[in-house]
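These notes concern the structure reproduced below.
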Amino acid sequence: MAKKILICDDAAFMRMMIKDILGKNGYEVAGEAENGAIAVEKYAELKPDLVLMDITMPEMDGIQALKKIKEADAGATVIMCSAMGQQAMVIEAIQSGAKDFIVKPFQADRVVEAVKKVLG
Amino acid sequence: MNNEYYAGLDIFKLDVLQEVGNIGAGNSATALSKMLDAKINVTIPNVRVLAFDEISEALGGSNIVAMGVSIDLIDDMHGRLLQILQKSFVEKILNTFYQKQVEDLKLLDEMDQSVVAEVGNITTAAYANALSVLSGMRINITPPKQLTAEVGKLLHIPSAEIDEYGGKVLFIDVNFFIGEEEFRSNMILELDLKSLSFLFNNLGFN
């Protein structure tokens, strides 16, 4: 059975791009969220195998959403995907429970490599 | 106050701002190159301190319609980065991902706007990251706000970090080549007094 992934990004275009990359590599996109608050709701509803989480989003940013998801489910697997690649931010994300951090812009194989590493 | 501060900048501090522009433009071009999967050659950016009312002319005239992507800077530094994207560049960006003829920027659909906003987001973040590395300060950004309008109106895209409009700005003019085609992009950096002061202090200036 294909692994299910929740994509969280405020840009429709970015969600589409990631969905395309994942689909071509045999993963199923369980759902999409355009902000952190919806990400938290969808996580509870869909229980995906993995969350790909942008950081800069309205309503609730990706770091806050990551923390809330981890509070509800300590075993949640989240990979951050953001244009903000400053060291302090990467460290904060990892310390908050993210398994990896992909800096935008990314090549498709960086995404696939990161996903394969956590999901197989 | 902002006026006086920019007016009082000596040649060394202006040089620092030129370097901010250079590094930001370079990082931004690298990011753009990855996104468009294309080789991009950048000329040395032209970095100037301009008064608010000089900006429309610098952009080609107040009647020019362009897309503005505005991102606020928060955390250690406070201000706003406003990227101005003109029609030919927008068309080039869109056609990298799908075929699209752009007759009128105001008629772009939601997906088109999302593409440009995201490219603007990533290239602007490259400036913010460059500023962060250069200054040693932590700089975070807000989600992009986007507007398509005459350039005079783009300067008034609301920003929670800008107290008043009409001060001076750092105007970065970048010419670059994608293959044989030449494009122009502009970045406008507005920083509050405290941030400017902090930036120069962190770089060893008093």
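Residue numbers (my numbering), protein chains in the order written: chain A, 1258 to 1377; chain B, 20 to 225.
Don't be surprised by glycine CBs; every beta carbon is placed ideally from N, CA and C.
All figures in this text were calculated on a predicted structure; none of them were measured in a lab.
Open item on the list: Is there a Cβ of chain B sitting closer than 8 Å to that of A1322(A), yes or no?
Closed with: Chain B contact via Cβ: absent.
Task: Which of helix, strand or coil DSSP assigns to S47(B) - done: helix
Task: CA-to-CA distance, E200(B) to I1264(A), given in whole angstroms - done: 35 Å
Open item on the list: With three or more beta-carbon pairs closer than 8 Å as the criterion, would you say the region 107-118 of chain B touches the region 132-145 of chain B?
Closed with: Enough Cβ pairs lie closer than 8 Å, so yes.
TODO: Might you give, ordered along the chain, the residues of its own chain that have their beta carbon closer than 8 Å to the beta carbon of V1375(A), omitting 5 neighbours on each side?
DONE: L1307, T1334, I1336, K1356, D1357
Task: Reduced DSSP category for L189(B) - H, G, I as helix; E, B as strand; rest coil - done: Secondary structure of L189(B) (DSSP, three-state): strand.
Task: Proximity winner among I90(B), P64(B), Q37(B), relative to F195(B) (alpha-carbon distances) - done: P64(B)
- [ ] Spell out whether any CB of chain B is found under 8 Å from the CB atom of M1341(A).
- [x] yes
Open item on the list: Looking only at its chain, what residues have a beta carbon closer than 6 Å to the beta carbon of Q37(B), apart from the 5 residues adjacent to it on each side?
Closed with: Taken in chain order, the residues that qualify are V66.
Task: Cβ pair I1278(A), V1368(A) closer than 8 Å - done: yes
TODO: Could you tell me if K213(B) is buried or exposed, where buried requires 16 or more neighbouring beta carbons within 10 angstroms of its beta carbon?
DONE: exposed
- [ ] Using the Cα positions of I1326(A) and A1296(A), report the straight-line distance between them to the nearest angstrom.
- [x] Distance between the alpha carbons of I1326(A) and A1296(A) is about 9 Å.
Open item on the list: Contact criterion: CB-CB distance below 8 Å. Does N21(B) meet it with respect to chain A?
Closed with: Confidence is the limiting factor: at N21(B) the pLDDT is only 45, short of 50, which leaves the residue's position unreliable, though a coordinate-based value still follows. Not closer than 8 Å to any Cβ of chain A, the Cβ of N21(B) fails to qualify, so no.
Open item on the list: Would E180(B) and G98(B) qualify as a contact pair, given that the criterion is a beta-carbon distance under 8 Å?
Closed with: yes
Task: Proximal chain B residues relative to P1362(A), where beta-carbon distance stays under 7 Å - done: A50, K53, M54, I141
- [ ] Note the first and the last residue of the continuous alpha helix (DSSP H) segment covering F116(B).
- [x] 106-116
TODO: At 9 Å on the CB atoms, spell out the chain B contacts of D1366(A), in chain order.
DONE: When 9 Å is used as the limit between beta carbons, D1366(A) is near no residue of chain B, the shortest such separation being about 12 Å.
- [ ] Could you tell me whether the Cβ of V1369(A) comes closer than 8 Å to any Cβ of chain B?
- [x] No, its Cβ sits nowhere closer than 8 Å to a Cβ of chain B.
TODO: Kindly indicate if chain A contains any beta-carbon less than 8 Å away from that of T62(B).
DONE: no
Task: Residue-chain proximity (R157(B), chain A), Cβ-Cβ < 8 Å - done: yes
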